[in-house]
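Residue numbers (our numbering): 1346 to 1601.
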């Protein structure tokens, strides 16, 4: 609302020095107008009511004066009524709605994106029905290939017993096996009864573990021993080793 207190005409009892208006001045219509430009100021979108009038209460009004028959005095100030304000608010709201609608239309996804998101269907009803039937046939074929309940039980995939029953059965098997192992005959008894043969059983003898890597007997050979070994190798290569006649010249002998 405009500041009426700043422009309101003072009454006759406002002060002793206040001049009285003439009837001609009182009947002179003056209108107060607010400069509003919807194109110069941007429309702001938000939670508040869309309006382009910023700081309306402190805006400076201007007065349009109408010249009458020879009167040049100031007349009565008439303010804009509420209907004009409501029309301006409606116009601003209409512009805001158009702007918001255009913004939403600009952000609207294109046709290909709608097709990719399966929102827009490009297939006809017959094509969709054929696709559904093909998928149903594939599912039925896969279900027919599913193993039966007996096969799943044989593979130990489908359990017939509860966890408590399985645990109880496992304990019973454990006790039975321990009792059987306690009465197991020895290897000697089995050999005497000729249940197992001598080659069916391998005896394991306890042996001491020691490092054999340092045991290198060739490091303790004397020069005489080495000469005897070389002589024996040369005799073997010359007389006992079978060599082809064409490759005999390639045989290498050790020095004596």
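Ideal Cβ positions, reconstructed from N, Cα and C, are used throughout, including at glycine.
Whole-angstrom distance between residue j and residue i, CA atom to CA atom
{"i": "residue 1573", "j": "residue 1536", "result": "50 Å"}
{"i": "residue 1522", "j": "residue 1492", "result": "34 Å"}
{"i": "residue 1524", "j": "residue 1517", "result": "11 Å"}
{"i": "residue 1501", "j": "residue 1460", "result": "46 Å"}
{"i": "residue 1423", "j": "residue 1441", "result": "Note that residue 1423 scores 49 on pLDDT, short of 50, meaning its location in the model is unreliable; the coordinates nonetheless yield the value given after this. Cα-Cα distance, rounded: 30 Å."}
{"i": "residue 1432", "j": "residue 1455", "result": "37 Å"}
{"i": "residue 1444", "j": "residue 1430", "result": "21 Å"}
{"i": "residue 1588", "j": "residue 1594", "result": "10 Å"}
{"i": "residue 1474", "j": "residue 1489", "result": "23 Å"}
{"i": "residue 1584", "j": "residue 1558", "result": "36 Å"}
{"i": "residue 1562", "j": "residue 1586", "result": "26 Å"}
{"i": "residue 1520", "j": "residue 1544", "result": "32 Å"}
{"i": "residue 1458", "j": "residue 1484", "result": "29 Å"}
{"i": "residue 1498", "j": "residue 1486", "result": "22 Å"}
{"i": "residue 1508", "j": "residue 1551", "result": "44 Å"}
{"i": "residue 1449", "j": "residue 1479", "result": "40 Å"}
{"i": "residue 1439", "j": "residue 1446", "result": "11 Å"}
{"i": "residue 1547", "j": "residue 1590", "result": "49 Å"}
{"i": "residue 1451", "j": "residue 1435", "result": "24 Å"}
Proximity of residue i and residue j at Cβ, strictly below 9 Å
{"i": "residue 1468", "j": "residue 1476", "result": "yes"}
{"i": "residue 1553", "j": "residue 1578", "result": "no"}
{"i": "residue 1504", "j": "residue 1511", "result": "yes"}
{"i": "residue 1596", "j": "residue 1576", "result": "no"}
{"i": "residue 1539", "j": "residue 1530", "result": "no"}
{"i": "residue 1494", "j": "residue 1506", "result": "no"}
Coil, strand or helix - residue i by DSSP
{"i": "residue 1460", "result": "helix"}
{"i": "residue 1479", "result": "helix"}
{"i": "residue 1503", "result": "coil"}
{"i": "residue 1599", "result": "coil"}
{"i": "residue 1485", "result": "helix"}
{"i": "residue 1549", "result": "coil"}
{"i": "residue 1562", "result": "helix"}
{"i": "residue 1538", "result": "coil"}
{"i": "residue 1455", "result": "coil"}
{"i": "residue 1588", "result": "coil"}
{"i": "residue 1333", "result": "No information on residue 1333 is available, as it lies outside the stretch 1346 to 1601 that the chain covers here."}
{"i": "residue 1581", "result": "helix"}
{"i": "residue 1494", "result": "helix"}
{"i": "residue 1524", "result": "helix"}
{"i": "residue 1570", "result": "helix"}
{"i": "residue 1440", "result": "helix"}
{"i": "residue 1465", "result": "coil"}
{"i": "residue 1530", "result": "coil"}
Member of the options whose CA lies at the smallest distance from the CA of residue i
{"i": "residue 1549", "options": "1532, 1527 and 1520", "result": "1532"}
{"i": "residue 1601", "options": "1592, 1485, 1591 and 1568", "result": "1568"}
With 16 other Cβ atoms within 10 Å as the buried cut-off, status of residue i
{"i": "residue 1409", "result": "The predicted position of residue 1409 is uncertain, since its pLDDT is 49 and thus under 50; a value taken from the coordinates is nonetheless stated next. Residue 1409 is exposed by the Cβ-count criterion."}
Residue i at chain D interface by Cβ criterion, 9 Å
{"i": "residue 1563", "result": "In the displayed structure, chain D is absent; only one protein chain is listed."}
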